[in-house]
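Going by our numbering, the letters in the sequence shown line up with residues 1 to 106, in that order.
Just below is one structure, and these are the notes that go with it.
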Amino acid sequence: MILTTTPTIEGKQICNYHGVVFGEVITGVNFVKDFFAGVRNIVGGRSGSYEDELMKARDNALRELEQRAMEKGANAVVGIDIDYEVLGQNNGMLMVTASGTAVTVA
1 MILTTTPTIE GKQICNYHGV VFGEVITGVN FVKDFFAGVR NIVGGRSGSY EDELMKARDN
61 ALRELEQRAM EKGANAVVGI DIDYEVLGQN NGMLMVTASG TAVTVA
């Protein structure tokens, strides 16, 4: 499965469009990570725990998008866009949405 943010794939021709596919993940960030991220805000530096959560959520959203594309008979997804939002009380939830067009390429 080819996943790309571009509208075409160099050297490949799009033979069939299967429609827009999505992958969505909503994950919570726990108290311990919130506490240490708050400390990082005060003293400076990167929050490794939040970065790990973000990477996991993004990877899961892309895997879900890929699975949905395969279910439609596609072998690629073009024009992928990834969006991030915070939700919930005190912004304690992270939502990652990946969308793109499922296609068959040859």
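Note that the Cβ used here is the ideal one computed from N, Cα and C, for glycine as well.
- So what's residue 55 in DSSP terms, helix, strand or just coil? As a position in the sequence shown, residue 55 is number 55, starting the count at 1. Helix, per DSSP.
- Item | Where residue 69 falls: helix, strand or coil (DSSP) | To locate residue 69, count along the sequence shown from 1; it is residue 69. If DSSP states are grouped into helix, strand and coil, residue 69 belongs with the helices.
- Message: Following a CB-centred definition, is residue 102 positioned closer than 7 Å to any heavy atom of the ligand PLP?
- Response: With respect to the ligand PLP, the structure shown offers nothing to examine, as it has no ligands at all.
- Could you tell me if residue 71 is buried or exposed, where buried requires 16 or more neighbouring beta carbons within 10 angstroms of its beta carbon? Here residue 71 refers to the residue found at position 71 of the sequence shown. It is exposed - the Cβ of residue 71 has fewer than 16 other Cβ atoms within 10 Å.
- Query: If you draw a straight line from the C-alpha of residue 87 to the C-alpha of residue 63, how long is it?
  - Reply: Here the question's residue 87 lines up with position 87 in the sequence shown. Here the question's residue 63 lines up with position 63 in the sequence shown. About 22 Å.
- Item | Continuous beta strand (DSSP E) stretch holding residue 80: start and end | Taking the sequence shown and counting its residues from 1, one reaches residue 80 at position 80. Note, residue 80: beta strand (DSSP E), 76-87.
- To the nearest angstrom, report how far apart residue 16 and residue 90 are at their CA atoms. Translated into positions along the sequence shown, residue 16 becomes position 16. Translated into positions along the sequence shown, residue 90 becomes position 90. If you take the alpha carbons of residue 16 and residue 90, they lie about 44 Å apart.
- Task: Please classify residue 106: does DSSP put it in a helix, a strand, or coil?
- Result: Looking up residue 106 in the sequence shown gives position 106. Correct three-state label for residue 106: coil.
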